[in-house]
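K.L.:
Once you've had a glance at the structure underneath, I'll fire off some questions.
There are 2 protein chains.
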Amino acid sequence: MAAYDPRDFPAIAVTVDVVVLTLRQGRLRILLVERGGRPFQGAWALPGGFVRAGQESLDEAAARELAEETGLDATQLERVHLEQLGSYGDPGRDPRMPVVTVAYLAFAPDLPEARGGSDASAAAWIPVDGLRLGGGGRDGDPARGVAQDFARGFAVGDTPASVEPDAAGPRPPEQGPGHGIDGGDSVPRPDDAHAVPGSGALPLAFDHARIVADGLDRARAKLEYTPLATAFLGEEFTIVELRGVYEAIWGSPLHAGNFHRKVLSVPGFVESTGSTAARGGARGGPRARLYRAGDARLLHPALLRPDREDSVR
Amino acid sequence: MAAYDPRDFPAIAVTVDVVVLTLRQGRLRILLVERGGRPFQGAWALPGGFVRAGQESLDEAAARELAEETGLDATQLERVHLEQLGSYGDPGRDPRMPVVTVAYLAFAPDLPEARGGSDASAAAWIPVDGLRLGGGGRDGDPARGVAQDFARGFAVGDTPASVEPDAAGPRPPEQGPGHGIDGGDSVPRPDDAHAVPGSGALPLAFDHARIVADGLDRARAKLEYTPLATAFLGEEFTIVELRGVYEAIWGSPLHAGNFHRKVLSVPGFVESTGSTAARGGARGGPRARLYRAGDARLLHPALLRPDREDSVR
DNA sequence: AGAATAGTGTCTTTAAGACAATATACC
DNA sequence: GGTATATTGTCTTAAAGACACTATTCT
Chain A
1 MAAYDPRDFP AIAVTVDVVV LTLRQGRLRI LLVERGGRPF QGAWALPGGF VRAGQESLDE
61 AAARELAEET GLDATQLERV HLEQLGSYGD PGRDPRMPVV TVAYLAFAPD LPEARGGSDA
121 SAAAWIPVDG LRLGGGGRDG DPARGVAQDF ARGFAVGDTP ASVEPDAAGP RPPEQGPGHG
181 IDGGDSVPRP DDAHAVPGSG ALPLAFDHAR IVADGLDRAR AKLEYTPLAT AFLGEEFTIV
241 ELRGVYEAIW GSPLHAGNFH RKVLSVPGFV ESTGSTAARG GARGGPRARL YRAGDARLLH
301 PALLRPDRED SVR
Chain B
1 MAAYDPRDFP AIAVTVDVVV LTLRQGRLRI LLVERGGRPF QGAWALPGGF VRAGQESLDE
61 AAARELAEET GLDATQLERV HLEQLGSYGD PGRDPRMPVV TVAYLAFAPD LPEARGGSDA
121 SAAAWIPVDG LRLGGGGRDG DPARGVAQDF ARGFAVGDTP ASVEPDAAGP RPPEQGPGHG
181 IDGGDSVPRP DDAHAVPGSG ALPLAFDHAR IVADGLDRAR AKLEYTPLAT AFLGEEFTIV
241 ELRGVYEAIW GSPLHAGNFH RKVLSVPGFV ESTGSTAARG GARGGPRARL YRAGDARLLH
301 PALLRPDRED SVR
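Those protein sequence lines, which keep their order, are chains A and B.
Just so it is clear: in the first sequence, position 6 is 6 by the UniProt record's numbering, and no numbers are missing.
Just so it is clear: in the second sequence, position 167 is 167 by the UniProt record's numbering, and no numbers are missing.
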C-alpha cells in the first residue's frame, strides 16, 4: 500500500468459499454443491460466491453464502461458528481468470437437509472420510516458506451424536487411517471425469481439495484449544455426545473416563443444567447428565490430541 | 463458486501487506513505511502492494513485497519465516475503492537498515510497544461470530540479542505494560493529523492497526507451539538469546533455569553445535553454549505462556 | 577479589493416562 | 436378571514451577 492508486491496477475477482462441517449420524460431514456449469461441470465444490464489492465485509459475504446454501435464517446462523480460514490465489486456480478466494470455516449442529442454493444444481452433506484430499496443509514443509495455522471461535446447535464406526447404504469410499497421505498437488485439470458421491473417488473442483484439507487441519487443532466442539451439538448435550464430536473429528477413540473428568475440570468448558437425558444408553446404563457450553473461549489447560508425539517432525 | 461466470462480477483490487517483525536491541520492532501520497499521507503503513493478477501467487506477492521493502536478496529471504495472516476487506477500508488485502506475517533476524522501497518515502523499524493498537484480535468476542487464529512456520537469520530495557535516541513513545488496552475500532479517518515516530501517538493508515494487532497475537501464540522464535536469531544462538526472543515478544520475564531446561528437553527444538560463545555474559559469567535450530516443526510438549490462566474467558 | 551469570539438581504441585469400581437403566 | 454404560476413585507417570547451588568468566 504505497503511493500507487488502486485504480491503476488490474482488479481481481474475489470470492468467498465456506468449509461447513457438521456431525450427522456420528460422522463428520461437509456441505458440498454440485457444479452446474463449466469449468468443473458436475464436480463437487465448496459453497461460495462472489463478494459484493464495497457493499459487504468478507465476514458478511461468508455468512450470506452460508445462509443461502443452507437455508438457515439469521437466528439459526447465530449458533453456527464461522471464522476465516485463509485465502487462496494461485494463478490458474480458476481457468477463466484470476480469482482470489477467501475461505471460511464453519462448525454447525446437525442441520435440516441441504437445499441447494439458487445457483447450485445440488447440495449434499458428504462424509469427509469419503473425500480424497491431498495430505492437507498448505505446504509439504510448514517450516520454511509459507505455512498454515490454527484458530478459535464458537456456537451451538442441535444434534445427538452416537459414534457408529460405519453402518450401511451406498456412500463414498473410505480411506485408511492417516487421512490421505498422497500429498499430490491440488488444482486438478478442469473438466475431468467427475464422480458423484457414492461412486468411488470424489475429486473437488478448483483447489477446493486443498482448502478442505486445510479446514480439517484447522478444525482438529481448534478442538484442542477451544470449546468449539460444542458448536456441533445442541444447546444441551451430554459429555458422551461431546466425546463423540472429538472422536469423529480426530478420528480416534478417547478414553471415556478420563475424557469425562477432563471436560469437567477445565474451567468454563461446560456448565451443568441440572437435568439429565431422557433415556439412558441405547443398551442400558444410567441417564447421562446434561450440560451446556460454558463461557470459556479457550480451554486451559488444553485438551490435547493423544499420541502425535513427534508425528509432526 | 457456482454457475456464475467471474467475468460478470465487479472486480476488486487485491493487495498484500506484510507484518514484518524483528528483534533489535532486545526490542520487538515492525517494519513500517511512511506514506508519500493520499490518503493517509504522512501516516505509517505496512509494507505491501498490489498482487499482479494471474502472474504470481499470493505467497509470491508477499515475498516479493518483503524483498522490495527490505532489500533482501533471495538467499537472505530464505531465512525469513513468512506465513499468511488473514484477509481484510471491510467496505471503506480504502476510501478510494474496494480493496481486499491479504496480510502476511514475517519473522526476520536483525536485518540491515530498511531502505525504503522504490515506492515509499521512508521505511523504519518501529518498536511495537510504541504503537497504539486497538486491543488486538479481530473480534471483541472471539466466541460467537468470526474469530482469529494461530499458525506455524520457520526460519533463521543472524542477531545477537541482549535484552536491554531501553537505551537512548529519539524514538516513539512507550506504553505501559498490557500492550494497549483501548480497544477502539480500527479504520481511522483518512488524512488526520499523523504523528511521526518519536512524536507521541502513531496512528497507522487504513486498518493496519488491526492487522498489526492480529499479527502480534499470532506471533505470541506461535512461540508457544512452534520453534519459530529461532527465526529471529542467527544461525547459531545461545539459550539466553532464545529466551530474550520469548521475553521480548511475550513482554514478560521467564525463569532462566526452567526455560533452559525446557528448551533442551523438547525434542527437535534446538541441537548443540558443540561450540560456545566467544565471550561470557557482559558483566561476567561462563561462556554460553551455542545451538542451532532443530528439525521440529511443532514443540511437543508446548512452551506455554505463564499465567494467562483464565485471562481469556 | 567481587560480582554476575550459565547451567544443573531437587522438591512440590499439577495434569495426564491407565485401570478399576460402582451404581443405574435398558433389554 | 443380565448387561451395557455413566460416573467416580485410585495410582502412576510426565511435566511445570520454585528455589538453591556450583562453576565460570568478566571487571
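Backbone N, C-alpha and C define an ideal beta-carbon position, used for all residues, glycine too.
(1) With burial defined as no fewer than 16 other Cβ atoms inside 10 Å of the residue's Cβ, what is the status of arginine 35 (chain B): buried or exposed?
(2) Helix, strand or coil: how does DSSP classify valine 240 (chain B) here?
(3) Pick out whichever of B:Trp250, B:Leu254 and B:Arg96 has its Cα sitting closest to the Cα of isoleucine 239 (chain B).
(4) Hey, phenylalanine 107 (chain B) and phenylalanine 232 (chain B) are a contact pair by Cβ (cut 8 Å); roughly how many whole angstroms apart?
(5) For the alpha helix (DSSP H) containing glutamate 235 (chain B), list its first residue and its last residue.
(6) Roughly how many whole angstroms lie between the Cα atoms of alanine 74 (chain B) and glycine 274 (chain B)?
(7) Could you round the C-beta distance between isoleucine 249 (chain B) and leucine 46 (chain B) to whole angstroms and report it? I think they count as a contact, below 8 Å.
(8) Return helix, strand or coil for valine 163 (chain B), following the three-state DSSP convention.
(9) Going by alpha carbons, who is nearest to glycine 48 (chain A) out of A:Leu21, A:Gly37, A:Asp17 and A:Leu72?
(10) Check the Cβ-Cβ distances between valine 19 (chain B) and every residue of chain A, and say whether any is below 8 Å.
(11) Since threonine 22 (chain A) and leucine 133 (chain A) are thought to touch, with beta carbons under 8 Å apart, how far apart are those beta carbons, to the nearest angstrom?
(12) Note down, in chain order, each residue of its chain lying with its Cβ closer than 8 Å to the Cβ of threonine 15 (chain B), except the 5 sequence neighbours on either side.
(13) Distance check for proline 91 (chain A) and alanine 256 (chain B), CA to CA, integer angstroms please.
(14) Pull up the distance between the alpha-carbon of alanine 53 (chain B) and that of aspartate 129 (chain A), whole angstroms please.
(15) Closest to proline 127 (chain B) by C-alpha separation, out of B:Glu224, B:Ala63 and B:Val20, would be which residue?
(16) Mind pulling the alpha helix (DSSP H) runs of 4 or more residues that sit fully within the segment 254 to 293 of chain A?
(17) Please look up how many angstroms separate the CB atoms of alanine 62 (chain B) and leucine 82 (chain B), rounded, as I've assumed it's under 8 Å.
(18) Any C-beta of chain B sitting closer than 8 Å to the C-beta of glutamate 271 (chain A)?
(19) To the nearest angstrom, how far is it from the Cα of arginine 93 (chain B) to the Cα of tyrosine 291 (chain B)?
(20) For arginine 297 (chain A), which residues in the same chain have their Cβ closer than 6 Å to its Cβ, ignoring the five residues on either side in sequence?
(21) Which parts of the segment 59 to 120 of chain A are runs of the beta strand (DSSP E), unbroken and 3 residues or longer, counting only runs that do not cross its ends?
(22) Do you know offhand how far phenylalanine 258 (chain B)'s Cα is from glycine 284 (chain A)'s?
(23) Identify each residue in the segment 250 to 262 of chain B for which the Cβ-Cβ distance to at least one residue of chain A is less than 8 Å, and report them in chain order.
(24) Helix, strand or coil for alanine 213 (chain A), going by three-state DSSP, please let me know.
(25) Distance, Cα to Cα, alanine 288 (chain A) vs arginine 218 (chain B)?
(26) For valine 14 (chain B), would you say it is in contact with chain A, using Cβ-to-Cβ distances shorter than 8 Å as the test?
(27) Give a yes or no on whether the minimum CB-CB distance between proline 203 (chain B) and chain A is below 8 Å.
(28) Over the uninterrupted beta strand (DSSP E) stretch that includes valine 18 (chain B), give me the two end residues.
(29) With distances taken between CB atoms, is the gap from proline 301 (chain A) to valine 266 (chain A) smaller than 8 Å?
(30) So phenylalanine 50 (chain A) is in the beta strand (DSSP E); what residue range does that whole segment cover?
(31) Output needed for threonine 276 (chain B): all residues of its chain with C-beta closer than 8 Å, excluding positions within five of it in sequence on either side, in chain order.
(32) Rounding to the nearest angstrom, what Cα-Cα distance links leucine 216 (chain B) and serine 252 (chain B) in this structure?
(33) Give the straight-line distance between the Cα atoms of alanine 122 (chain B) and proline 109 (chain A), rounded to the nearest whole angstrom.
(34) By DSSP, does alanine 124 (chain B) sit in helix, in strand, or in coil?
(35) Evaluate aspartate 295 (chain A) with the Cβ neighbour count: other Cβ atoms within 10 Å of its Cβ, from every protein chain shown; 16 or more gives buried, anything less gives exposed.
(36) Which bits of chain B does alanine 11 (chain A) rub up against, with CB to CB less than 7 Å?
P.N.:
So, from the listed chains and residues:
(1) buried
(2) Here valine 240 (chain B) sits in helix by DSSP.
(3) Selected option, being the one with the closest Cα: B:Leu254.
(4) Going by Cβ atoms, the distance from phenylalanine 107 (chain B) to phenylalanine 232 (chain B) rounds to 6 Å, so yes, they are a contact pair.
(5) No alpha helix (DSSP H) contains glutamate 235 (chain B), which DSSP labels as neither H nor E.
(6) 29 Å
(7) Not a contact, Cβ separation roughly 18 Å.
(8) Low confidence applies to valine 163 (chain B): its pLDDT is 25, below 50, so where it sits in the model is not reliable enough to give any reading.
(9) Ranking the options by Cα distance to glycine 48 (chain A), first place goes to A:Asp17.
(10) no
(11) Between leucine 133 (chain A) and threonine 22 (chain A) the Cβ distance is about 18 Å, and since that is not below 8 Å, they are no contact.
(12) Gly48, Gly49, Phe50, Val51, Val99, Val100, Thr101 and Val102
(13) 48 Å
(14) 35 Å
(15) Ranking the options by Cα distance to proline 127 (chain B), first place goes to B:Val20.
(16) Entirely contained in the segment 254 to 293 of chain A, the alpha helix (DSSP H) runs reaching 4 residues are, in chain order, 256 to 265.
(17) At roughly 6 Å, the Cβ-Cβ gap stays under 8 Å, so alanine 62 (chain B) and leucine 82 (chain B) are in contact.
(18) Interface residue (Cβ-Cβ distance to chain B less than 8 Å): glutamate 271 (chain A) is not classified as such.
(19) Whole-angstrom Cα-Cα distance: 45 Å.
(20) none
(21) 81 to 88 and 99 to 108
(22) Note that residue 258 (chain B) corresponds to asparagine in the displayed sequence, not to phenylalanine. Taking the straight line from one Cα to the other gives about 50 Å.
(23) none
(24) helix
(25) Rounded to whole angstroms, the separation of the alpha carbons of arginine 218 (chain B) and alanine 288 (chain A) is 39 Å.
(26) yes
(27) no
(28) 13 to 24 is the extent of the beta strand (DSSP E) around valine 18 (chain B).
(29) yes
(30) Residues 48 to 50.
(31) Arg287, Ala288, Arg289 and Leu290
(32) 15 Å
(33) 51 Å
(34) strand
(35) exposed
(36) At a beta-carbon threshold of 7 Å, the residues of chain B lying near alanine 11 (chain A) are Ala11, Ile12 and Ala13, ordered along the chain.
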